[in-house]
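To convert, take the position in the sequence shown, counting from 1, and add 2; that gives the working numbering. The structure appears below as C-alpha cells.
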Amino acid sequence: MNLTVMGQVQIYPLPEKEGLVQMNDYNVSVCPTGCNQWQTVPTLRCDVDLRRPQQASFAEFDMQGEVSVRIKRLNGKTVSPSNVVIRPKSKNIGYTVIDDSTIELHLSNPEYLSVEFDNDRLHNLHLFANPMLNEQHSPDEPYAINWTAPNAQDVFVRDARLIYFGPGVHRPKDLPGGDIRIPSNCTVYLAPGAIVKARLIIDHAENVRIVGRGILDHPLRGIEITYSKNVLVDGLTVLNPQHYTVFGGQSENVTLRHLKSFSCKSWTDGIDLMCCSNVKIEDVFLRTSDDGIALYNHRWWFWGGSKDFDISRATLWTDVAHPINIGSHGDDRCKTGEILEKVRMYDCDILYARTNSVLNFSCGDKNTIRHVMFDNIRIEDIDSTALIGMKVVFGAKYNRAPGNLITDICFQHIYFTGDASQLRPCFFEGYDSQRRIGNVTLSNILVNGKPMDEKDIGIGRFVNSVTIQP
C-alpha cells in the first residue's frame, strides 16, 4: 500500500484488515488551494473523556503551502455560521459555509485543531494538519518513506540501527508484554499507515529517534524513556494508551515534537517526567483524561531532581485533571529534598480543563520549586476551575513529607476567554512558617479582556509575596 501524494498534500494509507475503526460522523477532504482536486482523508475513532467515555473523530494529513479542507457533517444536522467553532481560537482559522452540511477552511501553516458543531465537544473532529514529512524525519536511504516491508506483520531491523514499521498492523506477539525495547544509536520509523500495537521502551540508551507518521494503538503505555539521553520523538499519534502517553524517568536531552494523543481512562496522563533535565516539548496536541503535562522529582526508581524544561506551542485539553501539574512527588528521605527548577512554558493553548486549577503547583516531599515562567498562555474553557493554583502540601496519599519552598515564579500574559462564571479564585498557600511561598509575580492576567484584580486571588497563610502587575 503506497503513500498517496498530491501536490502539497500527503494522505496516509490505511490497513485493509485489523486496522483502526473508521467513523461516519464526518467526511473530510483536502487539496492544495485552487486545484479543485479533492482527496478524502480517513476519519478515525478516538475515545475521549473519563467521566462519560465517548467516540470522537480525528483525521490527519501532511501539508506544505496553502491547502483547503472541506468538512461535511454526516449526521443530518445543518451547518450555519453560528454553530461552528474552530479551536484554538487564537489561530483565527476562518471558514465558509458551502452548503447546509459542509464547511470549507483554508490553512497556510500546519495546525492541530478541534472543529466543533453545536458546542458538542464529545463528538468533535480533531483535525491534524502535520508539516510535510521530509528527509530529516525519515531513515537513511535505501529505507526511504515509500519503502515497504516484505510482510506488513514484520518488524525490519538492520544492524540494530533501524527498526522499520511499514504500512499495516504490527502486533509483536512474541515479545513479553507486547513491548519493543530500543537500543542505543537506533532510529525507529513508523511509516504513514503503520499501526503498532505495542509499547516502545528506551531504557539505559542514548542517541535514539522515534519518528514518522504512524500510530501507537492502545498500548500499555505509549513511550517510556528511562535512564537515557539524546532522545527524539517526532510525529507520532498515540491512541488511547492504558497509562501515560510518554513516561520519562531520570533522562536528559529529550525532545518531544508533533506528538498527538488521546486518552479516556484513569491515570492516562499525557507527558509525565520524573527527575529529567534539558527537555523540549513543542507543537504537541494532548487530549487526556488525567494531567496533560506533569513534572515531578523523585518517584519510584528515579532520583536527582529536575531542571531545564522548554514547553512551547502545546495545545492541551484535559477532560479531567490539570493541563499542567508541577512538583507533587520528591525525595522525602533526603535531608534537604530535591530541586525542580528552570521551567518555561510559552505560546500555548489550553482548550479545556476540569480540575482545581489550570496551572497547578503542588509542592510536597521536601521539594523546592523555583524559577518557573508561564508566558502567553491562552485558556479557553473550564468547568469550575481556578486559572492558577499553588500550594505547599502534605497529603498522605501522595506525600510522605511537606514540600519545602515555592519561589521565583512568574505568570505573564495569561488570557482567559471562556465563561467567567466558571472561574474560581486563584489560590496560594504555604504549609507553615518554614515551608512557604515567595516571590510570585502576576503580570497582565486578563479575564475576557479585563485585568484580574485582588478579589480574584486568594492569598492564604505562609505566603511572602504575590505581586500583581498591570
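Even for Gly, the Cβ is constructed at its ideal location relative to N, Cα and C.
Have a look at residue i and residue j and give me their C-alpha separation to the nearest angstrom.
i: residue 319; j: residue 164; result: 34 Å
i: residue 174; j: residue 240; result: 17 Å
i: residue 457; j: residue 431; result: 16 Å
i: residue 381; j: residue 213; result: 30 Å
i: residue 303; j: residue 327; result: 20 Å
i: residue 396; j: residue 377; result: 29 Å
i: residue 80; j: residue 28; result: 12 Å
i: residue 86; j: residue 120; result: 7 Å
i: residue 97; j: residue 103; result: 13 Å
i: residue 467; j: residue 440; result: 5 Å
i: residue 293; j: residue 325; result: 5 Å
i: residue 35; j: residue 371; result: 48 Å
i: residue 341; j: residue 253; result: 16 Å
i: residue 24; j: residue 118; result: 19 Å
i: residue 323; j: residue 313; result: 19 Å
i: residue 266; j: residue 55; result: 6 Å
i: residue 38; j: residue 72; result: 11 Å
i: residue 82; j: residue 58; result: 21 Å
i: residue 140; j: residue 186; result: At residue 140, the pLDDT of 47 sits below 50, so the modelled position is not reliable; the number obtained from the coordinates is stated separately. The alpha-carbon atoms of residue 140 and residue 186 are separated by roughly 18 Å.
i: residue 271; j: residue 199; result: 19 Å
i: residue 237; j: residue 285; result: 10 Å
i: residue 48; j: residue 167; result: 22 Å
i: residue 17; j: residue 463; result: 59 Å
i: residue 92; j: residue 338; result: 43 Å
i: residue 208; j: residue 276; result: 18 Å
i: residue 235; j: residue 84; result: 39 Å
i: residue 404; j: residue 375; result: 23 Å
i: residue 129; j: residue 189; result: 27 Å
Hey, residue i and residue j: beta-carbon distance below 8 Å or not?
i: residue 256; j: residue 227; result: yes
i: residue 46; j: residue 63; result: no
i: residue 350; j: residue 316; result: yes
i: residue 384; j: residue 417; result: no
i: residue 201; j: residue 181; result: yes
i: residue 379; j: residue 352; result: yes
i: residue 283; j: residue 258; result: yes
i: residue 264; j: residue 232; result: no
i: residue 465; j: residue 437; result: no
i: residue 14; j: residue 183; result: no
i: residue 230; j: residue 245; result: no
i: residue 76; j: residue 26; result: yes
According to DSSP, residue i sits in a beta bridge with which residue or residues?
i: residue 170; result: 196
i: residue 115; result: 129
i: residue 383; result: 354
i: residue 396; result: In DSSP, residue 396 forms no bridge with anything.
i: residue 100; result: According to DSSP, residue 100 bridges with nothing at all.
i: residue 222; result: Note: residue 222 sits in no beta bridge, so no partner.
i: residue 437; result: 434
i: residue 48; result: 58
i: residue 191; result: 166 and 213
i: residue 33; result: 70
i: residue 341; result: 370
i: residue 412; result: 375 and 443
i: residue 473; result: Since the first residue shown for the chain is 3 and the last is 472, residue 473 is missing from the structure and cannot be characterised.
i: residue 264; result: 241 and 289
Any heavy atom of the ligand GTP closer than 7 Å to the Cβ of residue i?
i: residue 247; result: Summarising the ligand content, the structure contains no ligands, and the ligand GTP is consequently not present.
Identify, in the order they occur along the chain, each residue of the same chain with its Cβ nearer than 7 Å to the Cβ of residue i, setting aside the five sequence neighbours on each side.
i: residue 143; result: Unreliable placement is indicated for residue 143, whose pLDDT of 37 sits below 50; the coordinate value is still reported in the next sentence. So no residue of the chain qualifies.
i: residue 330; result: 298, 364, 366 and 400
i: residue 108; result: 35, 68 and 70
i: residue 124; result: 50, 51, 56 and 58
i: residue 373; result: 343, 344 and 410
i: residue 279; result: 254, 308, 309 and 310
i: residue 415; result: 377, 378 and 446
Sorted by chain position, which residues of the same chain lie with C-beta nearer than 8 Å to residue i's C-beta, five sequence neighbours on each side aside?
i: residue 472; result: 445, 446 and 453
i: residue 427; result: 388, 457, 458, 459 and 460
i: residue 133; result: 64, 65, 66, 112 and 260
i: residue 21; result: 171 and 197
i: residue 33; result: 8, 9, 11, 39, 40, 41, 69 and 70
i: residue 153; result: Any reading at residue 153 needs caution, since the residue's pLDDT is 46, under 50, leaving its predicted position unreliable; the model's value is listed next. Excluding residues within five positions, none has a Cβ falling inside 8 Å.
Going by beta carbon distance, what residues of the same chain come within less than 6 Å of residue i, once the five residues before and after it are set aside?
i: residue 358; result: 391
i: residue 273; result: 248 and 295
i: residue 42; result: 31
i: residue 251; result: 228, 276 and 304
i: residue 469; result: 443
i: residue 89; result: 116 and 353
i: residue 210; result: 184, 188, 204 and 233
Practice prompt. Report yes or no: do three or more beta-carbon pairs, one from the segment 306-324 and one from the segment 340-354, lie closer than 8 Å?
Written response: yes
Discussion item. With a threshold of 8 Å, are at least 3 pairs of Cβ atoms found where one atom belongs to the segment 440-456 and the other to the segment 421-430?
Written reply: yes
Worksheet item: For the segment 328-342 against the segment 364-379, are there 3 or more C-beta pairs whose distance is under 8 Å?
Response: yes
Worksheet item: Below 8 Å, can you find three or more Cβ-Cβ pairs linking the segment 112-123 to the segment 183-193?
Response: No, the segment 112-123 does not touch the segment 183-193.
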